[in-house]
Each structure stands twice: as structure tokens, then as C-alpha cells.
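Counting from 1 along the sequence shown, just add 10 to a position and that's the residue number in my numbering.
We treat Cβ as the ideally placed atom computed from N, Cα and C, and that holds for glycine.
Read through the structure below, which is laid out as C-alpha cells, and then see the notes.
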Amino acid sequence: MERIELLIPGSKIEARVKELGREISSDYRGLKPILVSILKGSFLFLADLTRAIDVPHEIDFLSVSSYGSSTEFSGVVRLLKDLGTNIGDRDVLVVEDIVDTGLTWRYIRNNLLTRGPTSLRIVTLLDKRERRVVDVPVDYVGFVIPDRFVVGYGLDYQERYRNLPYIGALDDSSLQGSGVSYQGSGKENDFRN
Ligand code: IMP
Ligand code: MG
11 MERIELLIPG SKIEARVKEL GREISSDYRG LKPILVSILK GSFLFLADLT
61 RAIDVPHEID FLSVSSYGSS TEFSGVVRLL KDLGTNIGDR DVLVVEDIVD
111 TGLTWRYIRN NLLTRGPTSL RIVTLLDKRE RRVVDVPVDY VGFVIPDRFV
161 VGYGLDYQER YRNLPYIGAL DDSSLQGSGV SYQGSGKEND FRN
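Printed below as a string of C-alpha cells:
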């Protein structure tokens, strides 16, 4: 069993999602955006965010898989389920759980841009920006987090922990043998109070 350290409590997530909802509502006033949730990790974030946005909007889902071991990403992305909506001439807001290396967002962004949206932005709950390997624009960020492997509120480790109502960091020793080295001390950002 892995040890999990509390990083962001549910109450902080709830408050921040409401703020993001207000900011997005104000930026999209008068428009009818489509929120594109990237499965599976963003399902809880989408569920809370859609209720925090008070401009009319649609939702749709895109499912991608990132190849690699459970915690280290190879950079190869495969489309598992495509949108049901034509996003040509629409304002599209991608909803992600986390932007880490940026490779997945770059792939999704390039793919969606070929379909001719009026605008294309991303809102990500978490931004692990010190791990970024590609320079890709990120529009709305819930929390910038340190270089730790995190779970909960939709994010998984080997398909577990998505149901945790908070964001937790897996203990480094839990990740040993899984081909990962997560060196961040976690002290750079403390969201607990
Ligand atoms: P990327 O490195 O930005 O392409 O992110 C690839 C994917 O890896 C994300 O969409 C997440 O599904 C997953 N991922 C990255 N960091 C974490 C983490 O700390 N916990 C759980 N999943 C993660
Ligand atoms: Mg993901």
C-alpha cells in the first residue's frame, strides 16, 4: 500500500474551482463555449467546474492514452475516443487534470487546431511546470504544484485513488521500482493552510 501525503485539501480545491469558474464566466460572457474534458483524469474537475460557470456552455469528452510506465510518460499519445461535436467556428476550452511535460496538451492542441475552432484555450487544475519539456501555452491554472507524483480528485496511480476528495502526493518510496525518480521535496508549495 502506498503512503499518501495530503497536498491540497478538498476545501481548497472547491474554493479554487469556484474562482476559476468566475474568471472563465467573465472571459466567455456572451459566448457559448464547449468544454472539452480530457478523460479520465478530469472527470471530477469538469463536474465541479461546469457548475461554477454561469455562461451557457456545452460539454464533450476526448479520451487519450499516454504511453509509458504508470508514472513516466514516453511522449507518445493515442486518441481513444474522439469528440461527438464539430468544433469548427466554436470557442473551445479544454479541461485537463494536470499539465506535466506538456506533451499531451501539445498533441491535443495541435489535433484540435486542425478542426478550425474560433478559439482554443486550456484550463488545468494542476500545473507541474518545473517538469515541462515543451513550450505550450496554458491559459488557466488551478494550482502550480511541485515535482511530486500526485493522486486524487480524478488523478490515478495505476487506476487507483481517483476517488480521493483531495490531492495527495505519493510517498517517494512507493514509487521506487516503478521507474520514476520524483525528487521534489514538496516544501516549495504548501497548500494546506
Ligand atoms: P504530460 O506529461 O503533460 O503529457 O502529462 C501526461 C499525463 O500524465 C497527464 O495527462 C496525466 O494523465 C499524467 N500525469 C502526469 N503527472 C501526473 C501525476 O502526478 N499524477 C497522475 N497522473 C499524472
Ligand atoms: Mg490526463
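What residue range does the alpha helix (DSSP H) around residue i cover?
| i | result |
| --- | --- |
| residue 33 | 20-37 |
| residue 128 | Per DSSP, residue 128 belongs to no alpha helix (DSSP H) and is neither H nor E. |
| residue 171 | Run containing residue 171: none; DSSP gives neither H nor E here. |
| residue 118 | 113-123 |
| residue 60 | 53-62 |
| residue 41 | No alpha helix (DSSP H) holds residue 41; DSSP gives it neither H nor E. |
| residue 185 | 182-185 |
Does the beta-carbon of residue i have 16 or more other beta-carbons within 10 angstroms, so that it is buried, or is it exposed?
| i | result |
| --- | --- |
| residue 138 | buried |
| residue 43 | buried |
| residue 51 | buried |
| residue 164 | buried |
| residue 140 | exposed |
| residue 47 | buried |
| residue 107 | buried |
| residue 124 | exposed |
| residue 59 | buried |
| residue 57 | exposed |
So does residue i have its beta carbon nearer than 7 Å to some heavy atom of the ligand IMP?
| i | result |
| --- | --- |
| residue 166 | yes |
| residue 42 | no |
| residue 63 | no |
| residue 148 | no |
| residue 133 | no |
| residue 110 | yes |
Check for me: the beta strand (DSSP E) holding residue i runs from which residue to which?
| i | result |
| --- | --- |
| residue 107 | 101-109 |
| residue 176 | No beta strand (DSSP E) contains residue 176, which DSSP labels as neither H nor E. |
| residue 45 | 44-49 |
| residue 150 | 150-154 |
Report yes or no: do three or more beta-carbon pairs, one from the segment 26-40 and one from the segment 160-178, lie closer than 8 Å?
no
Determine, using beta-carbon pairs with one atom in the segment 140-156 and one in the segment 109-117, whether at least three such pairs fall under 8 Å.
yes
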